[in-house]
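To start, the structure under review is shown below, and the notes come after it.
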Amino acid sequence: MTNFRIATLARLINGWKELSQVKALFEQVEDQAMMGKVPFAGAPLPEAVTAGRLPPGIESAWVFVQRPKSSPPAHMHPNSVQHMAVISGTGMCHIGRRTSVIQPFDPAYPDQSIYVIPENTPHALESFNEPLVILSFHTVPAARLIEEDADTGDRRKYI
Numbered sequence: 003m004t005n006f007r008i009a010t011l012a013r014l015i016n017g018w019k020e021l022s023q024v025k026a027l028f029e030q031v032e033d034q035a036m037m038g039k040v041p042f043a044g045a046p047l048p049e050a051v052t053a054g055r056l057p058p059g060i061e062s063a064w065v066f067v068q069r070p071k072s073s074p075p076a077h078m079h080p081n082s083v084q085h086m087a088v089i090s091g092t093g094m095c096h097i098g099r100r101t102s103v104i105q106p107f108d109p110a111y112p113d114q115s116i117y118v119i120p121e122n123t124p125h126a127l128e129s130f131n132e133p134l135v136i137l138s139f140h141t142v143p144a145a146r147l148i149e150e151d152a153d154t155g156d157r158r159k160y161i
């Protein structure tokens with residue numbers, strides 16, 4: 003199932019990153035991130051973009067933008083597996099105990115450029131000199147997605 007899911011997500015990411023509606027959402031979320039007090043902002047992709055297109059088990063798709071030169075604390079999703087692709091930007095990716103240089107999405111190598119983050123796994127991104135623009139997919143609907151701070155246990159919902 004995971005290989006099928008990643009292959010399907012790769013096709014979606016490759017098409018959606020060029021869609022004018024998604025590009026407009028990238029810009030809107032980037033504006034929110036740059037003006038906000040938190041290091042990143044996010045929004046679910048509109049139903050008109052995702053309806054009937056997500057692979058089995060994926061319930062929501064998101065755009066996240068992280069401000070340049072930021073390193074938010076690690077968080078986890080106790081109720082969702084996350085699949086994430088970096089559309090633009092550079093930095094470091096910390097997933098569990100692994101740390102690596104961010105690999106931007108490459109449709110020729112989806113297994114290496116779509117990050118799969120298991121439920122309850124702490125993860126964080128460290129952005130370098132430009133914003134990190136991310137397409138993210140979760141195994142729960144947007145309204146049910148929970149983020150939990152890995153250190154404090156504080157929880158929040160995005161919607």
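Sequential numbering of the sequence shown, starting at 3, is according to the working numbering. Just so you know, even glycine gets a beta-carbon here, dropped at the ideal spot from N, CA and C.
For this session: Kindly indicate which residue of Pro124, Ala63, Asn131, Pro80 has the alpha-carbon position closest to the one of serine 138.
Result: Taking the sequence shown and counting its residues from 1, one reaches residue 138 at position 136. For the residues Pro124, Ala63, Asn131, Pro80, the minimum Cα distance to serine 138 belongs to Ala63.
Exercise. So is the beta-carbon of serine 129 under 7 Å away from any non-hydrogen atom of the ligand FMN?
Worked result: For the structure depicted, the ligand FMN is absent and the ligand set is empty, with no information on it obtainable.
For this session: Let me know if arginine 99 comes out buried or exposed under the rule of 16 or more other beta-carbons within 10 Å of its beta-carbon.
Result: The sequence position of residue 99 within the sequence shown is 97, counting from 1. Exposed is the label assigned to arginine 99, since fewer than 16 other Cβ atoms lie within 10 Å of its Cβ.
For this session: Locate the beta strand (DSSP E) running through leucine 127, then write down its first and last residues.
Result: Locating residue 127 in the sequence shown gives position 125, where the first residue counts as 1. 125–129 is the extent of the beta strand (DSSP E) around leucine 127.
Problem set entry | Cβ shell of arginine 31 (< 8 Å), same chain only, five flanking positions each side left out | Counting from 1 along the sequence shown, the entry for residue 31 is found at position 29. Reading the sequence as shown, one finds valine at residue 31 and not arginine. Ala43, Gly44, Ala45, Val65, Phe66, Val67, listed in sequence order.
Exercise. Any idea what DSSP makes of serine 82, helix, strand or coil?
Worked result: Taking the sequence shown and counting its residues from 1, one reaches residue 82 at position 80. Looking at serine 82 - three-state DSSP - the assignment turns out to be coil, as it is neither helix nor strand.
Exercise. For aspartate 33, does the three-state DSSP call read helix, strand or coil?
Worked result: Taking the first residue of the sequence shown as position 1, residue 33 is located at position 31. Look at aspartate 33 here: in three-state DSSP terms it is helix.
Problem set entry | beta strand (DSSP E) runs contained entirely in the segment 67–112, provided each spans 3 or more residues | Counting only runs of 3 or more, we get 84–90, 93–97, 100–103.
Exercise. Hey, valine 135 and isoleucine 97: beta-carbon distance below 8 Å or not?
Worked result: As a position in the sequence shown, residue 135 is number 133, starting the count at 1. As a position in the sequence shown, residue 97 is number 95, starting the count at 1. Inclusion of valine 135 and isoleucine 97 in the CB contact set at 8 Å is not warranted, their separation being larger than that value.
Exercise. Does the separation of the CB atoms of isoleucine 8 and isoleucine 116 fall below 8 Å?
Worked result: The residue labelled residue 8 in the question sits at position 6 within the sequence shown. The residue labelled residue 116 in the question sits at position 114 within the sequence shown. The answer is yes: Cβ separation under 8 Å.
Exercise. In terms of alpha-carbon separation, which member of Ile148, Ala145, Asp108, Val83 lies closest to alanine 12?
Worked result: Locating residue 12 in the sequence shown gives position 10, where the first residue counts as 1. With distances taken between Cα atoms, alanine 12 lies closest to Asp108.
For this session: Under 7 Å Cβ to Cβ from arginine 158, same chain only, skipping five residues before and after it: list those, please.
Result: On the sequence shown, residue 158 is found 156 positions in, with the first residue counted as 1. The residues Glu149, in chain order, have a CB closer than 7 Å to that of arginine 158 in the same chain once the five nearest residues on each side in sequence are set aside.
Exercise. Start and end of the alpha helix (DSSP H) containing glutamate 49?
Worked result: Taking the sequence shown and counting its residues from 1, the one referred to as residue 49 is at position 47. Unbroken alpha helix (DSSP H) run through glutamate 49: 49–52.
Exercise. For arginine 157, which three-state DSSP category applies?
Worked result: To locate residue 157, count along the sequence shown from 1; it is residue 155. Looking at arginine 157 - three-state DSSP - the assignment turns out to be strand.
For this session: Return the CA-CA distance between glutamine 105 and proline 57, expressed in angstroms with no decimal places.
Result: Taking the sequence shown and counting its residues from 1, the one referred to as residue 105 is at position 103. Taking the sequence shown and counting its residues from 1, the one referred to as residue 57 is at position 55. The alpha-carbon of glutamine 105 is positioned some 23 Å away from that of proline 57.
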